[in-house]
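Visitor: Protein chains in written order, with this note's numbering: chain G, 1 to 230; chain F, 1 to 323.
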Amino acid sequence: MRRRAANSVVAMEIVPLGDSALIVRVGDSLGAVLKTLQKLEAASLPGVTEIAPAFASVAVFFESPKKLERGLACVDTALRRRTRSVKGAVKPRLVEVPVCYESAFGLDLEIVAEHCGLSPNDVVTRHAAARYDVRCVGFTPGFPFLGGLPAKLATPRREKPRALVPAGAVGIGGAQTGIYPLPSPGGWNIIGRTPLQLFDVAREPAALLRAGDRVRFVAVTREEFEAWDG
Amino acid sequence: MGRITVLRAGPLTTVQDLGRPGQRALGVSGGGALDLCAAQVVNLLVGNPGDSALLEVALGGMRLRFEDARRVAWCGGDFEVRVAETTIPAGRPSVVRPGEELIVRGARSGCRAWLAVSGGIDAPAVLGSRSTDLRGHFGGYLGRALQDGDELSLGKAGAPPGEDVRVASWGALPEWALTVIPTPILRVVRGSEWEMFDRESRHAFLETAFKVGAQADRMGARLEGAVLTRKKKRELLSEAVAPGTVQVANDGQPILLLGDCQTIGGYPKIAHVITVDLAPAAQLQPNDTVRFEEVMPAVAAALFAERENDLQKFCVGLNLRYS
Numbered sequence: 001m002r003r004r005a006a007n008s009v010v011a012m013e014i015v016p017l018g019d020s021a022l023i024v025r026v027g028d029s030l031g032a033v034l035k036t037l038q039k040l041e042a043a044s045l046p047g048v049t050e051i052a053p054a055f056a057s058v059a060v061f062f063e064s065p066k067k068l069e070r071g072l073a074c075v076d077t078a079l080r081r082r083t084r085s086v087k088g089a090v091k092p093r094l095v096e097v098p099v100c101y102e103s104a105f106g107l108d109l110e111i112v113a114e115h116c117g118l119s120p121n122d123v124v125t126r127h128a129a130a131r132y133d134v135r136c137v138g139f140t141p142g143f144p145f146l147g148g149l150p151a152k153l154a155t156p157r158r159e160k161p162r163a164l165v166p167a168g169a170v171g172i173g174g175a176q177t178g179i180y181p182l183p184s185p186g187g188w189n190i191i192g193r194t195p196l197q198l199f200d201v202a203r204e205p206a207a208l209l210r211a212g213d214r215v216r217f218v219a220v221t222r223e224e225f226e227a228w229d230g
Numbered sequence: 001m002g003r004i005t006v007l008r009a010g011p012l013t014t015v016q017d018l019g020r021p022g023q024r025a026l027g028v029s030g031g032g033a034l035d036l037c038a039a040q041v042v043n044l045l046v047g048n049p050g051d052s053a054l055l056e057v058a059l060g061g062m063r064l065r066f067e068d069a070r071r072v073a074w075c076g077g078d079f080e081v082r083v084a085e086t087t088i089p090a091g092r093p094s095v096v097r098p099g100e101e102l103i104v105r106g107a108r109s110g111c112r113a114w115l116a117v118s119g120g121i122d123a124p125a126v127l128g129s130r131s132t133d134l135r136g137h138f139g140g141y142l143g144r145a146l147q148d149g150d151e152l153s154l155g156k157a158g159a160p161p162g163e164d165v166r167v168a169s170w171g172a173l174p175e176w177a178l179t180v181i182p183t184p185i186l187r188v189v190r191g192s193e194w195e196m197f198d199r200e201s202r203h204a205f206l207e208t209a210f211k212v213g214a215q216a217d218r219m220g221a222r223l224e225g226a227v228l229t230r231k232k233k234r235e236l237l238s239e240a241v242a243p244g245t246v247q248v249a250n251d252g253q254p255i256l257l258l259g260d261c262q263t264i265g266g267y268p269k270i271a272h273v274i275t276v277d278l279a280p281a282a283q284l285q286p287n288d289t290v291r292f293e294e295v296m297p298a299v300a301a302a303l304f305a306e307r308e309n310d311l312q313k314f315c316v317g318l319n320l321r322y323s
């Protein structure tokens, strides 16, 4: 059931995910993922219940195994279609995320600093100076995986995950950085906390960030954090 | 509007429906009743639309008191369910009268049951579903499992149940009523990383039994057995996983994912349990034994179509009965 598109620049591969879904693998590029996502959404494929991006792929879920059987060909056709500009293509948004990196919140800042051979202040400066892309949202509701962490700041996950990481915690896990939207167990090194609510079911959309968004962290003081409204 | 008082909640009783599709891009899993077929069947048995909110009971130990007369039905594991002094068999619509209690005792086999009440559980829809998302703490009853003393509001029920007969003389097919299969053989289709496993591991996966480990919940079950190894160890980029996905952790042990599983995962996917076999998979509990058998995708599709067709006929029949 593996199919490779013959004439695309990046080798594309369609693989089944169980009996009612498939994954379109497009290579580790945010641009390729977003383009594929938009093409599939624009195609309004019959029997599709949802389409969700990951790092290097887009998953398409169908109502039933029969719909998947028919959908395989439709997905292939939709992706081969040459489109100059996809209608309704979303311009990336830039979202500023305030972060308090002070010691009360930056639980593992010292560990990260030591591992990187930097001072805690340097870690903060470099983390806040970089620009990030939301590669995908997953793990827990609203958890953004961000690409763009300066290589110097990459730090392996904690040997023992924390049983409870507070909501809003900003962490570094390997070469990635992300934000815990909800209190949950977690193994990433926590370097700060944002007062923003990353996930709120009363809001539309519930998740603050979506794949393709650009993110900038802005360092704030404890006082600013406490006084943050919303 | 009627209410149910939860006198004893049991270890993990949650409000569920057919799940929350369309939210994966936000990291929200589909969730819903772990056995979507059973959930539809019990709803139809009491005259509800198939997607009404109901209770998923794990391991029993539940006691409810009803404020008004309701029709009830349950399916799933081999539980003992009683109203007043009467045993309510699985898959048979029954009547609970005002002030009466319904008791679900521990299961002789299996671990989950679905209990529908005419009118449905009246919980607000969150992101398009009344299912409880335990990790996200939203949906269902206040985003959590039920606790002793909770009061559940019920929706408006149709025609009031007849007062004379406690248990209907008709019901669901026996295989829909009791869905436990002891030492089940779950049918699978190949996963996208099937070929990456060495021959011995692929053979062991299909030919040897696995034990369900201590970690088994609505997200999935860790299995213990033959160590499954890949020809080459290579880090994979996280991509979508789904209920039924069997991924293999770094220690070579498989994890069978269920309805509340996370939306993406980075472990290799050796296989996927086909949709119709998620019903027996939902009954697995620690120390149970499970085996896997490969089928072609066309078989998975035919079995699903057959079940949908049966459900459709069942629905038409019950609509006639309750109209």
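All C-beta atoms, glycine included, are put in the ideal place defined by N, C-alpha and C.
Fair warning: this is a prediction, and the values are worked out from it, not measured in the lab.
1) Is there a Cβ from chain F that is less than 8 Å from the Cβ of G/Val137?
2) Please go through the same chain and pick out, in chain order, the residues whose beta-carbon is closer than 6 Å to the beta-carbon of G/Ser8, but skip the five residues on each side of it.
3) Let me confirm a value: G/Lys39 is counted as buried when at least 16 other C-beta atoms fall within 10 Å, else exposed. Which label applies?
4) Report yes if the C-beta distance between G/Val112 and G/Ile14 is below 8 Å; otherwise report no.
5) Of the residues that make up the stretch 36-68 of chain G, which ones have a beta carbon closer than 8 Å to any beta carbon in chain F?
6) Consult DSSP for F/Gln16 and reduce its assignment to one of helix, strand or coil.
7) In chain order, what are the residue ranges of uninterrupted beta strand (DSSP E) at least 3 long that sit wholly in the stretch 155-213 of chain G?
8) Between the Cα of F/Leu59 and the Cα atoms of F/Arg218, F/Val316 and F/Gly149, which residue gives the shortest distance?
9) Candidates F/Lys156, F/Ile274, F/Val180 and F/Val241: which alpha carbon is nearest F/Asp122's?
10) Can you pull the chain F residues whose beta carbon is under 8 Å from the beta carbon of G/Thr140, in chain order?
11) In its own chain, which residues sit with a C-beta less than 6 Å from the C-beta of F/Gln147, not counting the 5 before and 5 after it?
12) Alpha carbon to alpha carbon, what distance is there between F/Glu293 and G/Leu107?
13) Got a sec, what are the start and stop residues for the beta strand (DSSP E) F/Ala221 sits in?
14) Using a Cβ cut-off of 9 Å, pull out every chain G residue sitting near F/Glu151, in sequence order please.
15) Would you kindly check if the distance between the Cβ of G/Ala167 and the Cβ of G/Pro181 is under 8 Å?
16) Decide yes or no for the touch test of the stretch 99-118 of chain F against the stretch 71-79 of chain F: beta carbon pairs closer than 8 Å, at least 3 of them.
17) Which runs of the alpha helix (DSSP H) at least 4 residues long sit entirely within the stretch 78-128 of chain G? Give them in chain order.
18) Taking 8 Å as the CB-CB limit, is F/Asn309 close to chain G?
19) Under the DSSP definition of a beta bridge, which residues are partnered with F/Arg271?
20) Label G/Val218 either buried or exposed according to how many other C-beta atoms from any shown protein chain fall within 10 Å of its C-beta, with 16 as the threshold for buried.
21) Label F/Lys313 either buried or exposed according to how many other C-beta atoms from any shown protein chain fall within 10 Å of its C-beta, with 16 as the threshold for buried.
22) Cutting at 6 Å between CB atoms, please list the residues of its own chain near F/Ile181, excluding the five before and the five after it.
23) Return the chain-ordered ranges of every alpha helix (DSSP H) run that is complete within the stretch 79-120 of chain F and spans a minimum of 4 residues.
24) Classify F/Ala298: buried if its beta carbon has 16 or more other beta carbons within 10 angstroms, exposed otherwise.
25) Below 8 Å on the Cβ atoms is my guess for F/Leu264 versus F/Glu235; work out the distance and round it to an integer in Å.
26) Give a yes or no on whether the minimum CB-CB distance between G/Asp122 and chain F is below 8 Å.
27) Among F/Gly77, F/Thr275 and F/Gly27, whose alpha-carbon lies nearest the alpha-carbon of G/Pro53?
28) Under the three-state reduction of DSSP, which class applies to F/Met62: helix, strand or coil?
29) Using alpha carbons as the reference points, say which of G/Cys136, G/Thr155, G/Ile190 and G/Ala151 lies closest to G/Arg162.
30) Buried or exposed for G/Ala6, please, with buried defined as at least 16 other CB atoms from any protein chain shown within 10 angstroms of its CB.
31) Give the C-beta separation of G/Val97 and G/Leu30 to the nearest angstrom, bearing in mind that I take them to be a contact with Cβ-Cβ under 8 Å.
32) Where F/Arg108 and F/Thr179 are concerned, what is the direct C-alpha to C-alpha distance, given to the nearest angstrom?
33) Going straight from the alpha carbon of F/Leu311 to that of F/Leu44, what length do you get?
34) Please tell me whether F/Gly225 and F/Ala214 are closer than 8 Å, where the distance is taken between their beta carbons.
35) Flag this pair as touching only if the stretch 20-27 of chain G and the stretch 60-72 of chain G have three or more C-beta atom pairs under 8 Å; answer yes or no.
36) Using a 10 Å radius around the Cβ and a threshold of 16 neighbouring Cβ atoms, would you call F/Leu34 buried or exposed?
Guide: Put simply:
1) In the first sequence, residue 137 of chain G corresponds to position 137, counting from 1. Yes, contact with chain F.
2) Reading the first sequence from its first residue, position 8 is the one you call residue 8 of chain G. Confidence is the limiting factor: at G/Ser8 the pLDDT is only 46, short of 50, which leaves the residue's position unreliable, though a coordinate-based value still follows. So the list is empty, once near-sequence residues are dropped.
3) Looking up residue 39 of chain G in the first sequence gives position 39. Buried: at least 16 other Cβ atoms inside 10 Å.
4) To locate residue 112 of chain G, count along the first sequence from 1; it is residue 112. To locate residue 14 of chain G, count along the first sequence from 1; it is residue 14. Using a Cβ distance threshold of 8 Å, G/Val112 and G/Ile14 do not count as a contacting pair.
5) Contacts with chain F (Cβ-Cβ distance below 8 Å) from the stretch 36-68 of chain G involve Thr49, Glu50, Ile51, Ala52, Pro53, Ala54, Phe55, Ala56, Ser57, Ala59, Phe61, Ser64, Pro65, Lys66 and Leu68, listed in chain order.
6) Locating residue 16 of chain F in the second sequence gives position 16, counting from the first residue. Three-state DSSP puts F/Gln16 in a strand.
7) As far as the stretch 155-213 of chain G is concerned, its whole beta strand (DSSP E) runs of at least 3 residues are 162-165, 169-173, 176-179, 184-186 and 189-193.
8) Start at 1 with the first residue of the second sequence, and residue 59 of chain F comes out as number 59. With distances taken between Cα atoms, F/Leu59 lies closest to F/Arg218.
9) Residue numbering aside, residue 122 of chain F sits at position 122 when the second sequence is read from its first letter. Scanning F/Lys156, F/Ile274, F/Val180 and F/Val241 for the CA closest to the CA of F/Asp122 turns up F/Lys156.
10) As a first step, residue 140 of chain G must be located in the first sequence, where it is residue number 140. Counting only Cβ-Cβ distances below 8 Å, G/Thr140 has contacts in chain F at Gly27, Arg135, Gly136 and Gln262, in chain order.
11) The residue given as residue 147 of chain F occupies position 147 in the second sequence. In chain order, Ala9 place their CB closer than 6 Å to the CB of F/Gln147, counting only its own chain and leaving out the 5 sequence neighbours on each side.
12) Translated into the one-based positions of the first sequence, residue 107 of chain G becomes position 107. Translated into the one-based positions of the second sequence, residue 293 of chain F becomes position 293. In this structure, the straight-line span from the alpha carbon of G/Leu107 to that of F/Glu293 is close to 47 Å.
13) Within the second sequence, residue 221 of chain F is the residue found at index 221, counting from 1. Unbroken beta strand (DSSP E) run through F/Ala221: Gly220 to Glu224.
14) By one-based count along the second sequence, residue 151 of chain F stands at place 151. Residues of chain G whose Cβ lies closer than 9 Å to the Cβ of F/Glu151 do not exist, since the nearest Cβ in that chain is about 22 Å away.
15) Here residue 181 of chain G refers to the residue found at position 181 of the first sequence. Here residue 167 of chain G refers to the residue found at position 167 of the first sequence. Yes, the pair counts as a contact, with Cβ atoms nearer than the cut-off.
16) Counting Cβ pairs under 8 Å, three or more are found: they touch.
17) DSSP assignment within the stretch 78-128 of chain G yields the following whole alpha helix (DSSP H) runs of 4 residues or more, N-terminal first: 109-116.
18) Against the second sequence, residue 309 of chain F aligns to sequence position 309. Chain G, which has no Cβ nearer than 8 Å to the Cβ of F/Asn309, makes this no.
19) Taking the first residue of the second sequence as 1, we reach residue 271 of chain F at position 271. It should be pointed out that residue 271 of chain F corresponds to Ala in this sequence rather than to Arg. In DSSP, F/Ala271 forms a bridge with F/Arg190 and F/Val246.
20) Here the question's residue 218 of chain G lines up with position 218 in the first sequence. When all chains shown are included, G/Val218 counts as exposed.
21) Within the second sequence, residue 313 of chain F is the residue found at index 313, counting from 1. Exposed, by the Cβ-count rule.
22) Numbered from 1 along the second sequence, position 181 holds the residue referred to as residue 181 of chain F. Same-chain partners within the cutoff: Pro280.
23) Annotation: the stretch 79-120 of chain F contains no complete segment of the alpha helix (DSSP H) (minimum length 4 residues).
24) Taking the first residue of the second sequence as position 1, residue 298 of chain F is located at position 298. Label assigned to F/Ala298: exposed.
25) Residue mapping note: residue 264 of chain F aligns to position 264 of the second sequence, counting from 1. Residue mapping note: residue 235 of chain F aligns to position 235 of the second sequence, counting from 1. Contrary to the premise, residue 264 of chain F reads as Ile rather than Leu in this sequence. Contact between F/Ile264 and F/Glu235 is ruled out by a C-beta separation of about 14 Å, above the 8 Å threshold.
26) As a first step, residue 122 of chain G must be located in the first sequence, where it is residue number 122. Contact with chain F is absent for G/Asp122, since none of that chain's Cβ atoms lies less than 8 Å from the residue's Cβ.
27) If you number the first sequence from 1, residue 53 of chain G lands on position 53. When only C-alpha atoms are compared, the closest one is F/Gly27.
28) By one-based count along the second sequence, residue 62 of chain F stands at place 62. Residue state, collapsed to three classes: strand.
29) Residue mapping note: residue 162 of chain G aligns to position 162 of the first sequence, counting from 1. Ranking the options by Cα distance to G/Arg162, first place goes to G/Ile190.
30) In the first sequence, the residue the question calls residue 6 of chain G occupies position 6. At G/Ala6, the pLDDT of 45 sits below 50, so the modelled position is not reliable and the matter cannot be decided from this model.
31) Working through the first sequence from its first residue, we reach residue 97 of chain G at position 97. Working through the first sequence from its first residue, we reach residue 30 of chain G at position 30. The pair is not a contact, with the Cβ atoms about 18 Å apart (cut-off 8 Å).
32) By one-based count along the second sequence, residue 108 of chain F stands at place 108. By one-based count along the second sequence, residue 179 of chain F stands at place 179. Between F/Arg108 and F/Thr179, the C-alpha separation is close to 13 Å.
33) As a working note, residue 311 of chain F is residue 311 in the second sequence. As a working note, residue 44 of chain F is residue 44 in the second sequence. The straight-line gap from Cα to Cα measures roughly 9 Å.
34) Within the second sequence, residue 225 of chain F is the residue found at index 225, counting from 1. Within the second sequence, residue 214 of chain F is the residue found at index 214, counting from 1. Result no, Cβ atoms of F/Gly225 and F/Ala214 do not sit closer than 8 Å.
35) At 8 Å Cβ cutoff, the stretches touch.
36) The residue labelled residue 34 of chain F in the question sits at position 34 within the second sequence. F/Leu34 is classed as buried because its beta carbon has at least 16 other beta carbons within 10 Å across all chains shown.
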